[in-house]
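**Q**
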Amino acid sequence: MQAEKTTSARFAAFWRRYDIALVGSAVFGFILFITLLAPAVAPYDPMARDIKNRFAGPSVENAFGTDQLGRDVFSRVIHGGRPILSASFSAVLCALAIGTAIGIAGGYLRGWLDTSLMRLMDVMLSFPSILLAILIVATLGVGLLNVTVAIGFAMVPVFARLARSIVITLVFEEYVLAACSLGASDRHIVWKHILPNMMPPIIVQASAMLAVAIGTASALNFIGLGVEPGRPDWGMMVAEGQRLIFDAPHVPLFPGLVITITVLSVNYMGDGLRDHLDPKLRRQGV
Amino acid sequence: MNRLRTLSAILLLGLLLLSLGAASAQDPQYGGTLVFGAESMGDSFDIGFWHGFGGVHVIDSIGEGLVRADFENGGALPGLAESWEISDDGLVYTFHIREGMSFHDGEPVTAAAIVRSMKRPVNPEDPSYIDGMYMYGNQGASNWESLEAVDEHTVVLTLMQPNATQLLVFSRPDGIIISPKAMDEYGTEVGLNMSAAGPFKIERFVPGQEAVLAANEDYWAGRPYVDRIVIRAFPDEAAILAALEAGEIDMTLYAPFTSVPRLQSSEHIRVEVGAPLVDLFVGANVAKEPFDNLTLRQAVNYALDRETLIEAGLNGFAEMPASLLGPLDLGFDEGGREISVYDPERAKALLAESGLDMPLAIEVAYENNRFWPQLAELIAADLEAVGFDVTLDRLDAGSFWGKVGDGETQLSLNQRSTFVPDPHDKAILMARAGAEGSQTQHQALEAVDEIDALVTAGISTVDAMKREAIYKEFQALMLEQLPYIYIGYLTPPIFVNARVQNVETFGTAGGRINLREVWLSE
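These protein sequence lines map, in sequence, to chains A and B. Under my numbering, the first sequence has 38 at position 25, and the numbering climbs by one with no breaks. Under my numbering, the second sequence has 232 at position 68, and the numbering climbs by one with no breaks.
(1) Determine whether the Cβ of N678 of chain B lies closer than 8 Å to any Cβ atom of chain A.
(2) Mind pulling the chain B residues with CB within less than 7 Å of E253 of chain A?
(3) Could you give the DSSP three-state label for K345 of chain B: helix, strand or coil?
(4) Please list, in chain order, the residues of the segment 38-72 of chain A that have any C-beta partner in chain B closer than 7 Å.
(5) Enumerate in chain order the residues of its own chain whose CB-to-CB distance from I97 of chain A is below 7 Å, with the five nearest sequence positions on each side excluded.
(6) Mind listing the chain A neighbours of L556 of chain B? Cutoff is C-beta to C-beta under 7 Å, in chain order.
(7) Of all the beta strand (DSSP E) runs that stay within the bounds of the segment 442-485 of chain B, which reach a length of 3 or more residues?
(8) Under three-state DSSP, which class holds K365 of chain B?
(9) Touching or not, the segment 26-45 of chain A and the segment 271-279 of chain A, by the rule of three or more beta carbon pairs under 8 Å?
(10) Over what stretch of residues does the beta strand (DSSP E) that includes L198 of chain B continue unbroken?
(11) What residue does the alpha helix (DSSP H) around R177 of chain A start on, and which one ends it?
(12) Say whether chain B places a C-beta atom closer than 8 Å to the C-beta of G237 of chain A.
(13) Once the 5 residues before and after F398 of chain B are set aside, which same chain residues still bring their CB inside 6 Å of it?
(14) Beta-carbon of L180 of chain B versus every beta-carbon of chain A: anything under 8 Å?
(15) What does a CB cutoff of less than 8 Å around M134 of chain A pick up in its chain, not counting 5 residues either side in sequence?
(16) Any idea if D199 of chain A is buried or exposed, counting beta-carbon neighbours within 10 angstroms, 16 or more meaning buried?
(17) Below 8 Å on the Cβ atoms is my guess for P56 of chain A versus R89 of chain A; work out the distance and round it to an integer in Å.
(18) Report the rounded CA-to-CA distance for W28 of chain A versus T48 of chain A, giving the unit in angstroms.
(19) In the DSSP assignment, the alpha helix (DSSP H) including R89 of chain A goes from what residue to what residue?
(20) Checking the sheet assignment: what are the DSSP bridge partners for V580 of chain B?
(21) For a contact defined as C-beta to C-beta under 8 Å, what are the partners of L257 of chain A on chain B?
(22) Report yes or no: do three or more beta-carbon pairs, one from the segment 641-651 of chain B and one from the segment 589-604 of chain B, lie closer than 8 Å?
(23) Does the Cβ-Cβ distance between G495 of chain B and R663 of chain B come in under 8 Å?
(24) So D260 of chain A and T422 of chain B are in contact, right, with Cβ under 8 Å, and what is the actual spacing, rounded?
(25) Of the residues B:P454, B:A328, B:Y300, B:L356, which one's Cα is nearest the Cα of L575 of chain B?
(26) With distance defined between alpha-carbon atoms, name the residue in A:F24, A:A34, A:R62, A:Y31 nearest to A688 of chain B.
(27) Straight-line CA distance for V320 of chain B to E228 of chain B?
(28) Hey, is G185 of chain B's beta-carbon within less than 8 Å of any beta-carbon in chain A?
(29) Using beta-carbon positions only, say whether Q538 of chain B and Q81 of chain A come within less than 8 Å of one another.
(30) Which residues in chain A sit within 7 Å of E475 of chain B, going by Cβ to Cβ distance?
(31) So, using beta-carbon positions, are V435 of chain B and V424 of chain B closer together than 8 Å?
(32) Quick one: Cα of A26 of chain A to Cα of D32 of chain A, how far?
(33) Using a C-beta to C-beta distance shorter than 7 Å, which residues of chain B count as neighbours of D260 of chain A?
(34) If contact means a Cβ-Cβ distance below 8 Å, which residues of the segment 78-105 of chain A contact chain B?
(35) For A69 of chain A, which option in A:P262, A:S142, A:C107, A:S99 has the closest C-alpha, if you only look at C-alpha atoms?
(36) Do the segment 207-224 of chain A and the segment 94-112 of chain A make contact, defined as three or more Cβ pairs closer than 8 Å?
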């Protein structure tokens with residue numbers, strides 16, 4: 014009984030501390046789950062047209078109504094998360110891997126390599142990320158893969174800068190100095206002592222960047238640089254529906270709403286992660 | 165009996181008053197400002213260059229050439245020339261210029277002023293001359309042997325070869341006559357300070373944004389009904405629609421077609437239907453695989469479900485197509501409607517006959533504006549249903565035309581508006597000259613010379629009966645070769661505020677809005 018009470022008290026305290034983050038995680042988890050299972054969950058084929066039933070409002074048959082070609086907006090919204098979420102996750106993971114590697118190289122080895130890498134990162138940071146992404150897609154060509162590359166590339170300096178600043182602090186930690194004095198190799202120090210200790214802030218940053226990536230991918234698809242026209246995609250659906258805003262507002266509204274909810278839930282989840290992984294904030298909290 | 169008479173008299177009087185009231189309600193009224201929503205507004209109105217349709221609307225409102233176009237019945241109407249004679253051999257045109265006209269800057273409209281304005285593109289000595297004024301190319305000056313003012317009110321033009329469209333091209337936006345005073349005063353900047361002799365004159369111009377035009381009190385046919393026209397550019401269709409619904413604009417051609425059903429039920433907005441002057445088509449690049457293969461072009465032709473394309477892609481605002489020429493064109497052949505039909509089984513059979521591996525990967529390019537994206541998706545679905553694997557290439561206007569010009573497209577969606585009511589304005593698309601940069605790259609067609617000969621014969625034959633026969637032959641050959649696959653004749657919705665009266669729906673459908681006769685009821 015006492016143990017149960019302690020568990021429920023702990024949960025209540027955890028909930029009080031992370032209520033919004035938990036809601037955000039649940040919502041994002043739900044969106045992710047639905048998106049992954051889209052073919053099984055969607056009531057209709059997202060490409061199936063029903064010309065006679067164009068612009069139908071939300072109903073029992075079509076929860077989010079139908080679009081300009083009579084396609085079910087609900088099914089398209091369910092399928093429409095796949096390109097954006099896959100591009101966003103891939104882009105953030107790539108940026109995290111490359112950026113962290115650059116940051117470690119600069120922060121640990123210092124010298125001319127650090128200076129050159131960081132000046133390069135500064136140049137990249139000086140471009141607004143969306144403009145940099147558009148520039149890259151314009152150079153590489155239209156397509157979801159190139160959108161992923163562009164978003165990932167634009168995010169590399171964020172991770173590189175953060176990783177470097179953490180490494181510079183960590184190399185003076187006692188356990189690193191101890192490993193060093195015991196003759197541990199650089200590779201050993203980086204893999205066993207630096208990398209594990211720098212991951213919490215990097216993960217928090219990744220969650221924040223995931224929200225940015227979802228927004229950027231939606232924007233790039235909105236302007237037609239990502240998926241092929243007609244395919245279900247949140248950004249593309251908003252773009253195709255924007256001219257219908259007065260006549261069939263449900264067409265752009267639902268995908269737009271889902272983008273907003275997704276970005277918001279990821280942001281809340283990221284805030285919770287930050288609170289949880291930051292020792293100072295954790296100490297102040299529970 | 166007396167009471168009956170009195171009652172009848174009262175009834176009659178009542179009816180008379182009622183009919184008088186009705187008549188006065190229909191009488192045109194002077195005054196008011198009409199705001200027109202355009203899709204763009206250029207940085208100048210120099211007629212030697214293209215400034216988008218917003219620019220054309222301004223030029224059409226402020227200017228006038230020797231003649232005006234009659235889009236409803238075909239042919240030319242008097243403009244600055246009140247009458248004209250054409251010699252039997254079709255080589256000498258004598259124009260009699262109206263007396264007492266003046267340009268907006270007060271300069272008299274004389275034969276000499278007209279000749280100077282018309283010679284602007286071929287006279288490098290003129291202070292307003294700019295190298296490369298390509299729009300003047302439509303005036304046919306390379307075929308002029310001489311152009312002279314023989315007296316103050318007579319202009320004589322002598323051609324080297326007969327040109328059946330010579331008269332009508334003077335009604336084009338690039339055919340308007342500019343004041344010689346403005347040409348001297350502003351030189352190459354005359355496009356920013358246009359002074360012409362049309363029904364409206366420029367009062368204010370904010371490049372790229374709007375032009376405010378005031379009624380020309382001295383216009384030869386009497387001042388137009390409205391006091392002012394504001395032609396204002398909007399960034400997109402949604403903004404134009406919002407402005408129309410808010411009553412900020414009175415008229416536009418550029419609101420989304422999809423809004424028509426809702427707007428038709430609105431009390432303060434009326435939707436008029438334009439004449440079928442604009443062709444919509446799929447252009448096949450015949451110089452490049454796979455559409456150098458006629459069988460594939462035929463398969464595309466039979467794969468298109470035009471009824472659905474018109475219904476769902478154009479919200480019903482088009483007529484079923486026949487050929488490159490439209491129902492209002494001289495020589496239009498209705499028989500083409502039997503070829504531009506939906507027959508998916510035949511399309512599949514043709515693809516099987518081609519011996520190519522299916523699904524055949526192809527690309528369809530189109531502009532990312534107006535109804536094109538919706539139409540493109542429907543076309544892609546039709547093509548995929550018969551065995552093509554379609555990739556849609558959605559491009560902004562600049563990239564689209566760049567790709568078309570470089571001959572890099574396979575299939576591309578396009579339209580042809582007509583600026584003069586003459587079949588040559590559409591047939592010219594198939595001329596041999598310029599084929600390399602065209603949508604169809606038809607220099608690669610086996611019948612290119614035969615088609616070119618018909619295009620040339622069509623313009624150089626003056627006799628209407630003979631021309632009709634030539635254009636029928638031209639259409640038949642085009643349907644046999646199918647460089648273009650026809651989607652429909654657009655009958656564009658013209659969106660007007662309920663107070664706008666007497667809208668001309670013919671020229672307007674082709675982008676040549678005529679606001680001279682429009683009036684506003686308050």
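For every residue, glycine included, the Cβ atom is placed at its ideal position computed from N, Cα and C.
**A** Short version:
(1) no
(2) P537
(3) helix
(4) R62, I64, R67
(5) I227, A230, S231, N234, D246, W247, G248
(6) Near L556 of chain B (Cβ distances below 7 Å), the residues of chain A are E241, P242, G243.
(7) 442-448, all fully within the segment 442-485 of chain B.
(8) Strand.
(9) yes
(10) 197-202
(11) 157-183
(12) yes
(13) Cβ within range, chain order: G201, I404.
(14) At L180 of chain B, the pLDDT of 48 sits below 50, so the modelled position is not reliable and the matter cannot be decided from this model.
(15) I115, V169, P170, A173, R174
(16) exposed
(17) Contact doesn't hold; Cβ gap of about 11 Å is too wide.
(18) Answer to the nearest angstrom: the Cα atoms are 27 Å apart.
(19) 86-122
(20) For clarity, residue 580 of chain B is Arg in the given sequence; the question names Val instead. R580 of chain B is bridged to B:D443.
(21) P420, T422
(22) yes
(23) no
(24) 5 Å
(25) B:P454
(26) Because chain B in this structure spans residues 165 to 686, residue 688 of chain B falls outside the shown range and cannot be described.
(27) 18 Å
(28) Because the pLDDT of G185 of chain B is 48, which lies under 50, any placement of that residue in the model is unreliable, and the question is left without a value.
(29) yes
(30) I64
(31) yes
(32) 10 Å
(33) T422, S423, R426
(34) Residues of the segment 78-105 of chain A with a C-beta less than 8 Å from any C-beta of chain B: Q81, L82, G83, listed in chain order.
(35) A:P262
(36) When Cβ pairs closer than 8 Å are counted between the two stretches, the segment 207-224 of chain A is seen to touch the segment 94-112 of chain A, the count reaching three or more.
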